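These notes are about the structure you will find just below.
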Amino acid sequence: MVDITATEAWRELAAHQQHLFARSLRELFAMDPDRGRSMVVDAAELHIDYSKNLVVPETLELLTALGREAGVEQLRDAMFAGDHLNTSEDRAVLHTALRLPADAELTVDGQDVVADVHAVLAAMAQFSDRVRDGEHTGFTGKAITDVVNIGIGGSDLGPAMAYQALRHYRHARIRCHFVSNVDPADLTGTLADLDPESTLLIVASKTFTTQETLANARAARAWLLAHYDGDQDAVAAHFAAVSTNAEKVADFGIDTDNMFGFWNWVGGRYSVDSAIGLSLMIAVGPDRFTEFLSGFHAVDEHFRTQPLDRNAPVLLALIGLWYSNFWGAQTHAVLPYADDLARFPAYLQQLVMESNGKSVARDGGHLTAPTETVVWGEPGTNGQHAFYQLLHQGTWLIPADFIGFAEPLDDLPTPDGGSMHDLLMSNFFAQTQVLAFGKTADDLADEGVAPELIPHKVMPGNRPTTSILAPRLTPAVLGQLIALYEHQVFVKAMVWGINPFDQWGVELGKQQANQLLSDLAEPAPPAPLADSSTDELVRWYRTARGR
Ligand code: F6P
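Heads up: the sequence shown runs through residues 1 to 547, numbered per full-length UniProt numbering.
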């Protein structure tokens, strides 16, 4: 494997950073007034302006050279072809196959992938239509009004985020709910308002072994059976499952006719476009779901075919890596100027951080360079009244993605006859402008600001942002946005030399929790554990619980 930090491109980037460090975005725009027109890239319907980043054309040449040295193009082609890039689990990585059109061809490891994907999509569509049309009813014949998706991580965040994002396209009768947390407050709070007779429960779990999901699923089954006086036949009418594990689904008592499968080449955090999206399909309908998939596919094609220097996910990934590896950035903000995308940052946290939060290379060697940053964010303009102060005048460099739309799905008039959506977007444009160019002491003095206030009011600027715009928030555009970030994760991982498709780091905590569970519940005081802190915390908890 290439040690990327030992390459010529890496050394040149380090030297180049020293040179660029002395330049401000004000200067870069003065030197090249056309940046705002030249540093843009379109991917499907996404219009991306990366000109307000701390880069010049030479930076991008060096970064793409780095990508080439890391073999990004070959590795990208290998992923699309179904090579086993998930080396630690010896699996292909084929979320891109989930959105291939029906007439595409792809056979991997002897499996006709496209045929299998479309067979499941057809079954999902049939089931969704039956629920939407009121043909698939509850046990007593009532039409389904509420769908509860029980899953966690990739089996929750994707459909929950997309259901909210596509609020405008939902079926009028059907509401979806998403239960993920093993905190019983989540399930109890959700079921409290629901009528069991018109509720469909979807247990979504790739492995069907996840502790939180099974605990919630069992509790939901008990809630249902309590209503039907223990009549087990009610379970078949009210439960469906999404999983790769048919055996465990059947053991749970769910009719496998109501089970929708996927494959081990779909990672949990890459699965919203698989059967894991069943709740979403029920909400928005199969046609909209097909549009959602076509959006992913459009960006897949862009990523697969465009040269590195015109390739949106590649450019954004390399610019992100530029900040974490050469400028010391530790976090990255994602700021949607669309309330319907409120859960998008949370969705990206799993996609990005579970994929690339690694310090070991694919071949087991230790990495010498920092890898993924913390991803966080909130919708604008709420963030402006919470944490933007730190973005503008704090001491950290925090690159940020601003996401916005031209046409509103909802708009309201302002008292002066204007548009509230324009109000929202004027904040988007103003924030990116102020973050980039700030305000100098001279500007403030010219405005007559009192000298003692000038240091407090100086806006340093030089805070990098990327603006991502699209015509409107449609299912296709949502698919495009997700694919844009999926492929960025891939590119960064390939440059760092890590496997973004496993997540061994989450296993030990699961094992420890299982071990500690018996210590919490046992009547006898638990045997001392390995450390005095955990022993004392468990003792305190047991005492507080009267044990
Ligand atoms: O958090 C670990 C993880 O394995 C995620 O990768 C996954 O999305 C989540 O748990 C849920 O897993 P499952 O779909 O198998 O229940």
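We treat Cβ as the ideally placed atom computed from N, Cα and C, and that holds for glycine.
Being a predicted model, the structure only gives us computed values, none of them experimental.
| message | the ligand F6P and Val506: does any heavy atom of the ligand fall closer than 6 Å to the residue's C-beta? | response | Counted from its first residue, the sequence shown places residue 506 at position 506. Because some heavy atom of the ligand F6P lies under 6 Å away, the Cβ of Val506 counts as near it: yes.
| query | Does DSSP put Trp322 in a helix, in a strand, or in coil? | reply | Mapped onto the sequence shown, residue 322 falls at position 322. Helix, per DSSP.
| task | Tell me whether Arg99 is buried or exposed, calling it buried when 16 or more other Cβ atoms sit within 10 Å of its Cβ. | result | Here residue 99 is taken as the residue at index 99 of the sequence shown, counted from 1. Buried, since its Cβ has 16 or more Cβ neighbours within 10 Å.
| said: When you compare the CB of Arg175 with every CB in chain B, is at least one pair closer than 7 Å? | reply: The structure shown contains no chain B; it is built from a single protein chain.
| request: Spell out the partners DSSP gives Met259 in its beta bridges. | output: To locate residue 259, count along the sequence shown from 1; it is residue 259. Answer is Ala241.
| query | Got a sec: does the ligand F6P put a non-hydrogen atom nearer than 6 Å to the Cβ of Ile152? | reply | On the sequence shown, position 152 is the one that residue 152 refers to. Yes; taking the cut-off as 6 Å, the Cβ of Ile152 has a heavy atom of the ligand F6P nearer than that.
| task | Note down, in chain order, each residue of its chain lying with its Cβ closer than 8 Å to the Cβ of Val360, except the 5 sequence neighbours on either side. | result | Position 360 of the sequence shown, counted from the first residue, corresponds to residue 360. Here the set comprises His366, Leu367 and Ile498.
| Which value, in whole angstroms, describes the spacing of the CA atoms of Lys492 and Glu372? | Working through the sequence shown from its first residue, we reach residue 492 at position 492. Working through the sequence shown from its first residue, we reach residue 372 at position 372. The straight-line gap from Cα to Cα measures roughly 8 Å.
| Other residues of its chain near Val374: CB distance less than 6 Å, five sequence neighbours each side excluded | The count along the sequence shown starts at 1 and reaches residue 374 at position 374. Thr331.
| Reduced DSSP category for Ile254 - H, G, I as helix; E, B as strand; rest coil | On the sequence shown, position 254 is the one that residue 254 refers to. Coil, per DSSP.
| query | Leaving out five residues before and five after Ile174 in sequence, what residues of the same chain have Cβ atoms less than 8 Å from its Cβ? | reply | As a first step, residue 174 is located in the sequence shown; it is residue number 174 there, counting from the start. Closer than 8 Å at the Cβ level, and outside the excluded window around Ile174, lie Val131, Arg132, Ile144, Thr145, Asp146, Val147, Ile282 and Ala283.
| message | In the DSSP assignment, the beta strand (DSSP E) including Ile202 goes from what residue to what residue? | response | The residue labelled residue 202 in the question sits at position 202 within the sequence shown. Per DSSP, Ile202 belongs to the beta strand (DSSP E) from Thr199 to Ala204.
| query | So who's on the other strand from residue 551, going by DSSP bridges? | reply | Because the chain here runs from 1 to 547, residue 551 falls outside it and cannot be looked at.
| Supposed close pair Ser88, Asp502 - CB separation, criterion 8 Å | Here the question's residue 88 lines up with position 88 in the sequence shown. Here the question's residue 502 lines up with position 502 in the sequence shown. Their Cβ separation, rounded to whole angstroms, is 5 Å, which keeps Ser88 and Asp502 in contact under 8 Å.
| Counting pairs of beta carbons, one from the stretch 447-454 and one from the stretch 430-438, are three or more of them closer than 8 Å? | no
| In whole angstroms, what is the alpha-carbon distance linking Gly141 and Ala237? | The residue given as residue 141 occupies position 141 in the sequence shown. The residue given as residue 237 occupies position 237 in the sequence shown. Approximately 9 Å, taken between the alpha carbons.
| What is the rounded straight-line gap between the Cα of Gln512 and the Cα of Thr543? | On the sequence shown, residue 512 is found 512 positions in, with the first residue counted as 1. On the sequence shown, residue 543 is found 543 positions in, with the first residue counted as 1. Roughly 21 Å between the two C-alpha positions.
| Which listed residue (Leu20, Asn53 and Glu45) has its alpha carbon closest to that of Arg35 | Sequence index remark: in the sequence shown, residue 35 carries index 35 (1-based). Of Leu20, Asn53 and Glu45, the residue nearest in Cα terms is Asn53.
| Is the CB-CB distance between Ala102 and His118 below 7 Å? | Taking the first residue of the sequence shown as 1, we reach residue 102 at position 102. Taking the first residue of the sequence shown as 1, we reach residue 118 at position 118. Yes.
| message | Taking the alpha helix (DSSP H) that Pro471 belongs to, which residues open and close that run? | response | On the sequence shown, residue 471 is found 471 positions in, with the first residue counted as 1. Counting along the chain, Pro471 falls outside any alpha helix (DSSP H), and DSSP gives it neither H nor E.
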